[in-house]
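K.L.:
Sending over a structure as structure tokens; questions will come in a sec.
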Ligand code: GDP
């Protein structure tokens, strides 16, 4: 049977990297995934596998400000989509977790078996707990119904089609947009925190490729982490963005703003074991492509709540 894969969040950061006729995409204005009736209608369409990218996501700012929304939207969307897949008889489904759902206080590096060993960092606990329930639901469905559904755990994803909201977005799209504004208006670029925290970033196209591999080939009970296992400080990242965007102005470090978690290094043993030759896009190349996309699509790029034309189409 020919594969027809439903991509929820198909126009978002990762979803937009699935390109071709066999990927079925719908916007949240057509189907609001928080509403079970609309999800049931969506699942009447013709597809036989599901890559579930949709979710309510944001960076440190959004996670702290909108805890209620982040909890409710994610837990309801995941519960609805996974249950609708079961009722339709879908045998292959992948859902997304994120390394930020791991316990704040846990021995590093993060591995797939440590998700539930303690509370997430307070800055994103509502999102973290809601997302963790997708893992619980999938484990339960495997045990009761024998379903071969899986969760993947990418580190901090970035790329074209991200949400470039300066207040609520993830650090890279926020900083790209802030740097753009600073350059265009001849004003300083203000960075949150000390610049010392370390993060691992992964390009959206790499995530899409790895996810489709998991959909068809990965059979372990535990989720699988997608990581380059390369940590970089926020300070170094700012250096790359400033260079690529040709920003010559002043950079200010606003230490009144939160640093969030200092680091969350993750372990790449599993992904390396299965795909030893996978070539991750380098952060420099990925940022160059993302910045070029943003500058070329400034008018249509998502930049904040008001400008969002689709709300639930982004992952993690
Ligand atoms: P996290 O990885 O889940 O903590 O979330 P982010 O992607 O939002 O990354 C947060 C890190 O980037 C923290 O150390 C912030 O202090 C730092 N940071 C610096 N400037 C910004 C900014 O403009 N937006 C965001 N979201 N984070 C920033």
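Residue numbers (this note's numbering): 49 to 364.
No residue lacks a Cβ here, since even glycine has one placed at the ideal position from N, Cα and C.
1) Thinking C-beta only, is residue 150 closer than 9 Å to residue 110?
2) How would you label residue 82, buried or exposed, when you count the other beta carbons within 10 angstroms and need 16 or more for buried?
3) Is any heavy atom of the ligand GDP found at a distance shorter than 8 Å from the C-beta of residue 309?
4) Determine which residues share a DSSP beta bridge with residue 100 and list them.
5) For residue 302 and residue 239, which I take to be in contact (beta-carbon distance under 8 Å), what is that distance rounded to the nearest angstrom?
6) Exposed or buried, which one is residue 192 when buried takes at least 16 other CB atoms within 10 Å?
7) For the ligand GDP, I want to know if residue 240 counts as a neighbour, meaning its beta carbon is within less than 8 Å of at least one of the ligand's heavy atoms.
8) Apart from the five residues on each side of it in sequence, which residues of its chain come closer than 7 Å, Cβ to Cβ, to residue 332?
9) Could you check if residue 157 belongs to the surroundings of the ligand GDP, using beta carbon to heavy atom distance under 8 Å?
10) Taking the runs of the alpha helix (DSSP H) that are 4 residues or longer, which of them lie wholly in the region 163-211?
11) Quick one: Cα of residue 357 to Cα of residue 105, how far?
12) For residue 305, verify whether its CB is less than 8 Å away from any heavy atom of the ligand GDP.
13) Can you name the residues that DSSP bridges to residue 300?
14) Is any non-hydrogen atom of the ligand GDP found closer than 8 Å to the C-beta of residue 338, if you look at the structure I gave you?
15) Mind checking whether the beta-carbon of residue 226 lies closer than 8 Å to any heavy atom of the ligand GDP?
16) Quick check: what's the CA-CA separation for residue 244 versus residue 138?
17) Under 9 Å, Cβ to Cβ, is there at least one residue of chain B near residue 161?
18) Going by other Cβ atoms of all chains shown within 10 Å of its Cβ, with 16 needed for buried, is residue 321 buried or exposed?
19) The ligand GDP heavy atoms versus the CB of residue 103: any closer than 8 Å?
20) Contact defined as beta carbons within less than 8 Å: I believe residue 53 pairs with residue 123. What is the distance between those atoms, to the nearest angstrom?
21) Between 215, 147, 237 and 173, which has its C-alpha nearest residue 163's C-alpha?
22) If you compare alpha carbons, which of 282, 60, 67 and 56 is closest to residue 257?
P.N.:
In short, the structure shows the following:
1) Not a contact, by the Cβ cut-off of 9 Å.
2) Buried, by the Cβ-count rule.
3) Yes - the ligand GDP has a heavy atom lying nearer than 8 Å to the Cβ of residue 309.
4) Partner(s): 56 and 143.
5) Their Cβ separation, rounded to whole angstroms, is 7 Å, which keeps residue 302 and residue 239 in contact under 8 Å.
6) Exposed is the call here.
7) Remark: the C-beta of residue 240 is in contact range of the ligand GDP, defined as less than 8 Å to any heavy atom.
8) Within the same chain, residue 332 has close Cβ partners 288.
9) For the ligand GDP, not one heavy atom lies less than 8 Å from the Cβ of residue 157.
10) The qualifying runs are 173-193.
11) For residue 357, the predicted model reports a pLDDT of 36, less than 50, meaning its position is unreliable; a value from the coordinates is still stated below. For residue 357 and residue 105, the distance between alpha carbons rounds to 15 Å.
12) In this structure, residue 305 has its CB closer than 8 Å to one or more heavy atoms of the ligand GDP.
13) Note: residue 300 sits in a beta bridge opposite 238.
14) Look at residue 338: its beta carbon is at least 8 Å from all of the heavy atoms in the ligand GDP.
15) Checking the Cβ of residue 226 against the ligand GDP gives yes.
16) If you take the alpha carbons of residue 244 and residue 138, they lie about 44 Å apart.
17) Of the protein chains in this structure there is only one, and it is not chain B.
18) Answer is exposed; the Cβ neighbour count stays below 16.
19) Outside the cutoff, so no.
20) Between residue 123 and residue 53 the Cβ distance is about 24 Å, and since that is not below 8 Å, they are no contact.
21) If we check each option's Cα against that of residue 163, 147 comes out closest.
22) Nearest C-alpha to residue 257: 67.
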